[in-house]
Amino acid sequence: MSPFLAGVLQLLALIAALALAYRPLGDYMAKVYGSTKHLRVEKWIYKAVGANPTVEMRWPAYLRGVLAFSAVSVLFLYGLQRLQGSLPGSLGFASIDPDQAFNTAASFVSNTNWQSYYGEQAMGHVVQTGGLAVQNFVSAAVGMAVAVALVRGFARSRTGELGNFWADLVRGVVRILLPISVVGALVLVACGAIQNFAGIHEVGQFMGGTQQWNAGAVASQEVIKELGTNGGGYFNANSAHPFENPNAFTNLFEIFLILLIPFSLTRTFGRMVGSVRQGYVILATMATIWVGFVLLMWAAEFGGHGPAFEVAGGAMEGKETRFGIGASSIFAVSTTLTSTGAVDSFHSSFTGLGGGITMLGMMLGEIAPGGVGSGLYGMLVMAIIAVFIAGLMVGRTPEYLGKKISTREIKFAACYILVTPALVLCFTAAAMALDTPGHSMTNSGAHGFSEVLYAYTSGANNNGSAFAGLNADTQWFNTTIGLAMLLGRFLPMVFVLALAGSLAQQTPVPATAGTLRTEKPLFTGLLIGTILIITGLTYFPALALGPLAEGLAS
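Quick note: the working numbering has the sequence shown finishing at residue 554, numbered continuously throughout.
As structure tokens, then:
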């Protein structure tokens with residue numbers, strides 16, 4: 001079987017699995033977030049944190065809950081790393097330096113999981129399981145809660161109440177993420193992923209010295225890493241490491257986990273607003289972009305010329321022979337079009353255009369299908385921009401799901417789409433203008449610029465993957481990427497929740513002959529065009545200096 005045919009068959013199998021899970025999981029999540037009952041374990045959690053889950057919150061109160069919980073999480077994770085040397089189960093590792101501890105705390109709390117350290121050489125069992133793995137759950141649940149709050153803004157009328165943040169957070173963890181993670185971890189263990197609390201042990205001679213590996217609760221952390229679109233690896237090699245991703249089946253299963261909740265949330269959205277066809281339009285937009293990017297990546301990675309490409313069947317440099325070009329390309333596209341950031345191959349070794357595709361996936365805003373929660377609310381903001389543009393073309397006030405998109409709403413949407421590009425471009429410009437950051441670049445020219453641009457794109461978009469080749473473990477990059485991750489995560493949430501509150505206060509307007517039918521395929525095309533045009537106008541100059549210049553020169 002040719003490598004390309006193998007990739008096509010894996011893509012079809014993946015689409016079939018996602019299609020089978022789409023309806024039951026989407027309906028289940030709508031039921032979870034619409035329930036008025038609380039499980040006994042949930043009541044214990046509410047009592048422990050002093051929260052009343054029955055109190056409805058307006059958007060400022062909901063936002064305060066998000067920010068307060070996340071701020072406490074940053075402080076807790078930072079303190080845990082700084083105290084690691086004194087904790088049991090540290091495997092003899094020292095406490096983490098202040099700048100790297102800040103970067104890591106900001107990274108995992110913001111659902112980015114950018115790592116400027118070697119996991120197996122820096123973090124002990126307590127930090128890995130009690131700190132990083134816990135944040136993999138709760139940071140994902142925060143994103144889902146904000147998305148649900150925005151959906152309620154569309155579904156409700158004449159009220160500013162968006163639900164209860166603490167109830168949404170706890171239900172997301174207890175009823176959705178934990179059950180799927182338990183099943184997923186059992187699958188990974190059965191297929192060869194490790195799960196234990198063993199210490200460091202020698203495995204043989206290597207390059208004249210002794211090679212050592214430390215084990216850990218890898219399978220349980222791996223499953224929520226992918227399911228929660230987190231991406232931080234237990235080992236530095238991430239999902240290319242055989243302890244995390246043993247074979248071709250687990251590789252496909254992990255891609256399935258990455259895409260499962262973001263795609264299924266479109267069904268949840270349709271159920272909650274009372275029109276599953278609206279959810280299908282959002283799904284079609286996400287799926288079209290995702291499949292399109294996979295095909296573009298295959299064209300870039302399979303289409304190389306020269307003896308090495310012909311012998312290997314494509315661009316095999318930096319890719320695992322266990323997975324091949326087809327599966328590695330699907331993984332790379334899925335992890336950068338979501339906010340996962342996990343890698344099973346070396347993105348820096350992709351072709352110039354292939355590396356540009358991974359970067360462009362993040363620059364779209366990671367909305368196809370995006371991160372858990374963040375993908376849905378990002379796509380809904382883009383839908384508001386699309387109906388606004390359509391309204392300008394016909395000269396009438398735009399409407400979406402029965403809500404008028406007035407000056408107030410469009411200002412919130414505009415601020416949302418401007419925050420992340422501003423962070424990416426400003427931090428990249430500063431890094432390239434100063435002398436010290438440039439010393440971290442392994443390569444010069446267009447590829448070196450791509451390393452820096454990719455790093456800030458990954459951080460500000462809360463992706464977490466690395467182009468590699470860049471030494472990011474410096475005070476400059478730890479601090480600036482940490483700031484980019486926090487601002488890129490929470491500033492957009494401010495505008496999303498403010499938008500949700502504004503929509504919830506409105507009185508629905510009836511559809512007329514002039515209303516844009518947003519449940520039709522025509523709107524899918526308009527939405528895709530809006531996304532590509534906005535991204536292109538924002539990032540094309542930067543892309544022209546990096547991956548495009550490299551790709552055209554090769």
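Positions of the beta carbon are idealized from the N, C-alpha and C atoms, including for glycine. On a predicted model such as this, the values are computed, not experimentally measured, just so you know.
So for residue i, helix, strand or coil by DSSP?
i: residue 345; result: strand
i: residue 234; result: coil
i: residue 58; result: strand
i: residue 241; result: coil
i: residue 434; result: coil
i: residue 200; result: strand
i: residue 400; result: strand
i: residue 290; result: helix
i: residue 519; result: coil
i: residue 550; result: helix
i: residue 214; result: strand
i: residue 319; result: strand
i: residue 1; result: coil
i: residue 123; result: coil
i: residue 409; result: helix
i: residue 527; result: helix
i: residue 83; result: coil
Using 9 Å as the threshold, is the C-beta distance between residue i and residue j below it?
i: residue 163; j: residue 149; result: yes
i: residue 318; j: residue 346; result: yes
i: residue 413; j: residue 331; result: no
i: residue 232; j: residue 132; result: yes
i: residue 44; j: residue 341; result: no
i: residue 173; j: residue 138; result: yes
i: residue 141; j: residue 177; result: yes
i: residue 185; j: residue 220; result: yes
i: residue 189; j: residue 195; result: yes
i: residue 270; j: residue 255; result: no
i: residue 266; j: residue 369; result: yes
i: residue 76; j: residue 84; result: no
i: residue 461; j: residue 366; result: yes
i: residue 29; j: residue 268; result: yes
i: residue 192; j: residue 247; result: yes
Residue i to residue j, Cα distance in whole Å?
i: residue 260; j: residue 22; result: 8 Å
i: residue 10; j: residue 252; result: 7 Å
i: residue 41; j: residue 49; result: 13 Å
i: residue 112; j: residue 523; result: 31 Å
i: residue 419; j: residue 89; result: 40 Å
i: residue 498; j: residue 154; result: 12 Å
i: residue 504; j: residue 403; result: 9 Å
i: residue 156; j: residue 118; result: 47 Å
i: residue 125; j: residue 216; result: 7 Å
i: residue 502; j: residue 63; result: 14 Å
i: residue 98; j: residue 449; result: 27 Å
i: residue 446; j: residue 355; result: 12 Å
i: residue 107; j: residue 493; result: 16 Å
i: residue 86; j: residue 455; result: 32 Å
i: residue 325; j: residue 3; result: 7 Å
i: residue 299; j: residue 159; result: 50 Å
i: residue 482; j: residue 459; result: 7 Å
i: residue 127; j: residue 236; result: 16 Å
i: residue 31; j: residue 274; result: 13 Å
i: residue 80; j: residue 71; result: 14 Å
i: residue 25; j: residue 472; result: 38 Å
i: residue 375; j: residue 12; result: 23 Å
Figure out for me which residue from the options has the closest Cα to the Cα of residue i.
i: residue 151; options: 286, 528, 276; result: 276
i: residue 427; options: 439, 499, 485; result: 485
i: residue 531; options: 384, 395, 270; result: 384
i: residue 123; options: 188, 450, 96; result: 96
i: residue 337; options: 262, 391, 387, 303; result: 262
i: residue 225; options: 258, 215, 246; result: 258
i: residue 74; options: 529, 546, 322, 490; result: 490
i: residue 229; options: 266, 343, 352, 400; result: 343
i: residue 382; options: 411, 175, 182; result: 411
i: residue 143; options: 378, 534, 539; result: 378
i: residue 392; options: 406, 401, 380; result: 406
i: residue 431; options: 476, 444, 417, 389; result: 476
i: residue 527; options: 55, 278, 136; result: 278
Take residue i and list the residues in its own chain whose beta-carbon comes closer than 6 Å to its own, dropping the five residues that flank it on each side.
i: residue 51; result: 166
i: residue 451; result: 441, 467, 469, 470
i: residue 169; result: 141, 145
Excluding the 5 residues preceding and the 5 following residue i in the sequence, name in chain order all residues of the same chain whose CB lies nearer than 7 Å to its CB.
i: residue 457; result: 359, 362, 363, 424
i: residue 78; result: 101, 102, 105
i: residue 550; result: 352, 446, 447, 450
i: residue 400; result: 383, 384, 387, 518
Only counting the same chain, and skipping five residues up and downstream in sequence, which positions put a Cβ closer than 8 Å to that of residue i?
i: residue 396; result: 514
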